[in-house]
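A short write-up of the structure that comes next.
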Amino acid sequence: MRFTRLLGRTLKEAPADADCVSHRLLVRSGMIQQVAAGVYSYMPMGWRVLKKIENIIREEMDKAGGQELNMPSLQPIELWEKSGRLASFDKTLFTVTDRKEHKLVLGPTHEEVITDLVRRSVQSYRDLPQLPYQMQNKFRDEPRPRGGLLRVREFIMKDLYSFDADETGLDNSYQKMVSAYKNIFSRCGLPSVMVEADSGAIGGKASHEFMLIADSGEDEIIYCSKCGYAANTEKATSIKKSAPLPESRDIEDVATPGLKSIEEVAAFLGVSHDQTLKSVFYVADGELIFIVIRGDLEVNEIKLKNLLKCTELHMATEAETKVSGLVAGYASAIGLKGIRIVADDSIKLGSNFVAGANRTDTHLKNVNYPRDFTVDILSDIAKTRPGDSCPKCNQALLAQQGIEVGHVFKLGTFLSERLGAYYLDKDGSNKPIIMGCYGIGVGRLLAAAVEQNHDEKGIIWPLPIAPYQVLLCPLKIEDGSVMEAAEAVYAELCAANIEVLFDDRPESPGVKFNDADLVGVPLRLVISARTLKSNSVELKWRKEAQAQMLPLEGLMEAIKHLLKPH
RNA sequence: CGGGGUGUAGCGCAGUGGUAGCGCGCAUGGUUUGGGACCAUGAAGCCGGUGGUUCGAAUCCACUCACCCCGACCA
0 MRFTRLLGRT LKEAPADADC VSHRLLVRSG MIQQVAAGVY SYMPMGWRVL KKIENIIREE
60 MDKAGGQELN MPSLQPIELW EKSGRLASFD KTLFTVTDRK EHKLVLGPTH EEVITDLVRR
120 SVQSYRDLPQ LPYQMQNKFR DEPRPRGGLL RVREFIMKDL YSFDADETGL DNSYQKMVSA
180 YKNIFSRCGL PSVMVEADSG AIGGKASHEF MLIADSGEDE IIYCSKCGYA ANTEKATSIK
240 KSAPLPESRD IEDVATPGLK SIEEVAAFLG VSHDQTLKSV FYVADGELIF IVIRGDLEVN
300 EIKLKNLLKC TELHMATEAE TKVSGLVAGY ASAIGLKGIR IVADDSIKLG SNFVAGANRT
360 DTHLKNVNYP RDFTVDILSD IAKTRPGDSC PKCNQALLAQ QGIEVGHVFK LGTFLSERLG
420 AYYLDKDGSN KPIIMGCYGI GVGRLLAAAV EQNHDEKGII WPLPIAPYQV LLCPLKIEDG
480 SVMEAAEAVY AELCAANIEV LFDDRPESPG VKFNDADLVG VPLRLVISAR TLKSNSVELK
540 WRKEAQAQML PLEGLMEAIK HLLKPH
């Protein structure tokens with residue numbers, strides 16, 4: 000490809016609203032263009048990268064037994080009513096109305112359609128397992144798109160769905176996908192981490208995410224450097240440290256005028272945070288829930304949501320708590336009636352706690368569970384934080400930011416039961432098909448690759464996903480001999496099927512070199528009067544500082560050798 | 001949903017009531033050429049939209065749309 004013919008110019012300055020590195024560099028290098036909030040066009044060069052990633056994914060999916068197919072983005076809303084996921088997607092669903100006033104949704108994912116499709120095609124255990132997949136645009140009206148391609152409203156996702164007759168089959172499919180995913184990310188040249196993940200309100204038993212480590216990542220990964228435990232913060236657990244456990248004493252009032260927060264109360268009474276009980280109020284599907292947790296810990300809303308099996312959860316507003324007659328700042332589970340109480344199991348790890356008295360300006364000392372109050376549910380609902388003890392080996396946990404690029408779920412039979420996807424087993428009985436689903440955000444992966452591979456000058460594409468393998472860069476193209484040599488090398492590279500971007504622009508060396516670094520093509524070949532003096536070209540890897548000279552004689556063989564994997 | 005911010009040439013920005021500006025980029029000609037060169041000439045804007053105030057509005061007021069950021073939080 001000739002640079003002068005390429006659609007999409009490089010920019011010295013990125014749009015002011017481009018905040019994260021990948022957004023800035025992808026826009027500046029002319030790979031993407033914003034169309035609306037969270038909606039982007041891929042320019043030819045960006046599209047080449049995307050296709051490369053897609054092809055690697057496609058090869059690994061096929062190798063694992065997947066079959067590619069295509070499904071519509073327009074989906075009848077009835078399918079979503081039937082699956083019961085209309086409510087859980089709620090406002091993130093894009094809907095359209097056709098001329099007959101019939102509502103359709105723009106698919107945020109394709110589980111409903113594929114389950115319905117498989118329902119029609121699969122009747123017997125002999126037809127299983129099935130591993131259909133697709134790479135298509137999905138639509139989600141995110142509350143807040145951000146970070147360029149990292150969080151968008153229309154995006155390309157690879158989704159594979161597994162359909163198995165039994166749990167063993169599901170385990171098998173799941174394992175196939177896990178190893179396919181590992182292959183995909185390593186073939187892309189992108190080191191990834193697999194972590195335990197929350198499977199959401201609908202999800203089944205097991206779920207893992209694949210993360211690319213990057214400071215700009217939205218997700219926090221909790222991991223153990225000793226035993227290898229790794230989980231999304233949403234899911235992570237830890238061995239909770241016990242607070243002091245003195246003999247229980249009699250409960251007593253203590254005046255705490257104007258003191259409401261754990262911070263204030265603990266400081267006033269001279270106790271540490273883990274010797275207090277914190278009360279928090281949530282509203283789950285309209286029901287006010289009273290939460291008790293040890294004062295040094297915080298509530299993990301995802302764990303709480305899963306525990307309550309609710310679809311909507313938010314912290315109660317002042318108005319919502321007032322209605323129930325609770326005394327904000329001084330609320331307590333002691334003597335409380337008519338409201339469900341959920342407690343974190345940390346309340347057992349300590350005694351003689353300080354807690355609210357349900358009276359303004361008053362707290363209670365020496366509160367003990369279960370002596371002084373009861374709870375409806377006692378479970379782990381605390382946020383795990385770095386420094387906590389690893390649930391497997393007790394080592395102090397560490398944290399780092401990651402970008403979620405892949406997610407695998409064991410779905411179970413939730414959808415097949417609701418959508419009627421049953422098969423006839425050997426024994427003649429009807430059974431729901433057991434499902435799994437396995438997604439990769441292709442555009443996000445592209446952006447994450449840039450987050451992971453760049454320097455102050457620009458992108459540094461890993462070779463397997465680079466838009467071009469070679470950038471051919473003649474200096475001073477008015478010089479007949481330079482351009483003649485460059486044209487000859489260009490023709491040879493094309494003939495050898497090497498992907499080459501030919502910078503045939505009449506620009507100064509500085510401009511060309513800076514654009515070369517910005518665009519991030521792995522191998523740069525410079526031809527100039529200087530190199531021609533020794534019948535050679537200059538060769539430089541984007542990721543390395545040093546250049547070397549290569550003789551024109553035998554150049555193609557040398558380059559082919561350099562581009563060979565490993 | 002709440003809070004804040006920004007809309008002026010392709011991009012980045014200045015312009016607080018009186019003829020629409022700068023830098024980069026773009027076009028033409030010339031001089032340059034190993035890390036974002038220089039000179040000259042030129043094209044390019046319904047100042048996000050609607051309504052108002054005014055002799056006069058990019059500028060003041062109201063509404064509206066779009067985009068960006070922060071918060072979705074421990075009483």
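In numbering that gives the first Met the number 0, the protein residues as written are 0 to 565.
Backbone N, C-alpha and C fix where the C-beta goes; we use that ideal spot for every residue, glycine too.
Whole-Å CB distance - residue i paired with residue j, under 8 Å assumed
i: residue 74; j: residue 218; result: Actually they are not in contact, since the Cβ atoms of residue 74 and residue 218 sit about 28 Å apart, beyond 8 Å.
i: residue 174; j: residue 422; result: Not really, about 22 Å apart at Cβ, beyond 8 Å.
i: residue 84; j: residue 503; result: Not quite, the Cβ-Cβ distance comes to about 53 Å (not below 8 Å), so this is no contact.
i: residue 478; j: residue 528; result: 6 Å
i: residue 570; j: residue 382; result: The requested residue 570 is not part of the displayed model; the chain covers only 0 to 565.
i: residue 29; j: residue 47; result: About 12 Å separates the two Cβ atoms, so there is no contact after all.
DSSP state of residue i mapped onto helix, strand, coil
i: residue 186; result: helix
i: residue 147; result: helix
i: residue 523; result: strand
i: residue 460; result: coil
i: residue 388; result: strand
i: residue 489; result: helix
i: residue 17; result: coil
i: residue 181; result: helix
i: residue 90; result: helix
i: residue 364; result: strand
i: residue 123; result: strand
i: residue 1; result: strand
i: residue 402; result: strand
i: residue 208; result: strand
First through last residue of the beta strand (DSSP E) which encompasses residue i
i: residue 560; result: That residue, residue 560, is in no beta strand (DSSP E); its alpha helix (DSSP H) goes 554-562.
i: residue 33; result: 31-35
i: residue 160; result: 153-163
i: residue 231; result: 229-231
i: residue 355; result: 352-355
i: residue 252; result: 251-254
i: residue 278; result: 276-283
i: residue 372; result: Residue 372 -> no beta strand (DSSP E), and no H or E assigned at all.
Closest by C-alpha distance to residue i, when choosing among the options
i: residue 574; options: 374, 437, 25; result: There is no way to answer for residue 574, as the model of the chain reaches only from 0 to 565.
i: residue 145; options: 23, 539, 495; result: 23
i: residue 369; options: 362, 357, 352; result: 352
i: residue 516; options: 528, 530, 543, 490; result: 543
i: residue 116; options: 68, 84, 138; result: 68
i: residue 403; options: 196, 143, 83; result: 196
i: residue 92; options: 277, 152, 556; result: 152
i: residue 464; options: 66, 137, 430, 189; result: 189
i: residue 321; options: 489, 280, 227, 296; result: 280
i: residue 128; options: 167, 497, 453, 241; result: 167
i: residue 163; options: 426, 124, 466; result: 124
i: residue 462; options: 309, 205, 186, 341; result: 186
i: residue 239; options: 394, 526, 59; result: 394
Residue span of the alpha helix (DSSP H) that contains residue i, given as start and end
i: residue 532; result: 528-532
i: residue 513; result: 508-518
i: residue 78; result: 76-82
i: residue 302; result: 300-307
i: residue 261; result: 261-268
i: residue 451; result: 441-451
i: residue 54; result: 43-62
i: residue 417; result: 413-418
Assigned exposure category for residue i - 16 Cβ within 10 Å defines buried
i: residue 451; result: buried
i: residue 410; result: buried
i: residue 207; result: buried
i: residue 95; result: exposed
i: residue 610; result: Outside the shown range of the chain, which is 0 to 565, sits residue 610, and nothing can be said about it.
i: residue 468; result: buried
i: residue 472; result: buried
i: residue 161; result: buried
i: residue 15; result: exposed
i: residue 249; result: exposed
i: residue 406; result: buried
i: residue 541; result: buried
i: residue 305; result: buried
i: residue 21; result: buried
i: residue 111; result: buried
i: residue 316; result: exposed
heavy atom of the ligand NAP below 7 Å from residue i C-beta
i: residue 377; result: Among the components modelled here there is no ligand, and therefore nothing to report on the ligand NAP.
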